[in-house]
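Notes for the one structure printed next.
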Amino acid sequence: MAKSLYTFIILPEASARLHKLRLPVLVLHLLVVIGIISLFVIVGLGFSYAKMAFKVADYNKLQAENLDLKVQKKNLEVSTVKLGTKLTALQTLSGSTVDYRTSDLIRSSDPNVDVEFLKGRTTELENQLKLLEQVAVRRASILRFTPTIWPVRGMITSHYGNRLDPFNGDSEMHFGLDIAALYGSLVHAPADGIVIYAQRKSAYGNLIILDHGNGLTTRYGHLSRFNVQVGQTIRRNDMIGFVGTSGRSTAPHLHYEVRMNDRPINPRTYLPKS
Ligand SMILES: [Zn+2]
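For what it's worth, the numbering used here labels the leading residue of the sequence shown as 11, then goes sequentially.
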């Protein structure tokens, strides 16, 4: 049987000698098959390379995001702890007894606590902080309008409560404190308020009434002179009048009264201990 051959004629240059390449058909077919397989392998490799390149890009992106999240979490941890400290300080300031779980804050700096939890906690703390700030502001405002100092310094010559009338010796209710002081001594407002009365009133003599809001009023009797007018806004320590002995009085002194919703209460409650 004749062997099937393909003959390839190669011309290196126009003038040069002819090269003849004889290849059996089987070899040629084999070469074609190898060529096709190689093509598939190259295309496949190309695809998997592209796939790997995409994966690497994704990985880098994820790593960057992870780093970003770590930074975010660290910041949140720091702000949570800061908020906790601020909250504790405010709690102390406002004397609040509400449980703000400050210990939880410190625990939440555990690296395993997730960012979402910290975010939620931070928002919660911020809300509590706002509330506490409001409480602190309100307390400061209440304190401004609460008597905290002596209107005049001197001996208490008559206490609040039942006593013997200095004029006729009968038992009577004394609605204030009598503080002895020299005639003309300065009388200071013990808290912020508004002057609602400044004129003579029978037994009180020259009387000033200050309104401190929330039902609280104070009275200053037997004055020799006024230093304020009705409607005037008063700050704590302002000079409102002068000690005298006007009205039903035997000697210069200040009759000091504190009333809640117009009911007299013991002014001692509002005086510093010394
Ligand atoms: Zn009195």
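Virtual Cβ for every residue (Gly too), placed ideally from N, Cα, C. As the structure is a computational prediction, the values presented were derived from the model and not from experiment.
For residue i, which three-state DSSP category applies?
i, result
"L21", "coil"
"Q209", "strand"
"Y266", "strand"
"A190", "strand"
"P277", "helix"
"S181", "strand"
"M11", "Here M11 scores only 44 on pLDDT, less than 50, and its place in the model should not be relied on; the value that follows carries that caveat. Residue state, collapsed to three classes: coil."
"A261", "coil"
"R154", "helix"
"K9", "Because the chain here runs from 11 to 284, residue 9 falls outside it and cannot be looked at."
"N85", "helix"
"R148", "helix"
"K80", "helix"
"N271", "coil"
"S48", "helix"
"S58", "helix"
"K283", "coil"
"R131", "helix"
From the options, pick the residue whose C-alpha is nearest to that of residue i; which is it?
i, options, result
"S195", "D202, I52, S259, F252", "F252"
"M257", "Y280, L97, R245, Y230", "Inspection of the sequence shows that residue 257 is occupied by Gly rather than by Met. Comparing Cα-Cα distances from G257 to each of Y280, L97, R245, Y230, the minimum goes to Y230."
"L93", "I19, R131, I46", "R131"
"L153", "Y69, G223, S234, E136", "G223"
"T279", "A213, T228, K71", "T228"
"P157", "P22, L15, L31, P282", "P282"
"K84", "L128, N137, Y59", "L128"
"V240", "F18, Q209, L233, Y214", "Q209"
"I206", "T260, Q101, G225", "G225"
"L100", "D68, T133, L79, K140", "K140"
"T167", "G56, D78, K96, A261", "A261"
"L31", "L38, V43, V42, T17", "T17"
"T133", "F155, S89, A150", "S89"
"L15", "V35, I159, H29", "V35"
"V125", "A150, N276, R149, L79", "L79"
"Q138", "H263, I159, I20, K96", "K96"
"H198", "G186, F236, T102", "F236"
"V91", "E136, S151, G186", "E136"
Could you give the residue range of the alpha helix (DSSP H) that holds residue i?
i, result
"I159", "Neither: I159 is in no alpha helix (DSSP H) and is coded neither H nor E."
Return the bridge partner residues of residue i from the DSSP annotation.
i, result
"Q138", "Bridge partners of Q138: none, in fact."
"F236", "G251"
"G203", "I244"
"V197", "G251"
"Y16", "L33"
For the beta strand (DSSP E) containing residue i, list its first residue and its last residue.
i, result
"N286", "No information on residue 286 is available, as it lies outside the stretch 11 to 284 that the chain covers here."
"K30", "29 to 34"
"Y230", "226 to 233"
"G215", "215 to 223"
"G251", "249 to 252"
"T167", "166 to 168"
- Query: Counting Cβ pairs closer than 8 Å, one from the region 132 to 146 and one from the region 156 to 163, do we hit at least three?
  - Reply: No: the two stretches stay apart, fewer than three of their Cβ pairs being nearer than 8 Å.
- Item | Stretch-stretch touch, CB-based, cutoff 8 Å, three pairs: the region 209 to 227 with the region 177 to 193 | no
- Would you call the region 259 to 276 and the region 237 to 244 touching, i.e. three or more CB-CB distances under 8 Å? no
- Can we say the region 198 to 212 touches the region 164 to 183, given the rule of at least three CB pairs closer than 8 Å? no
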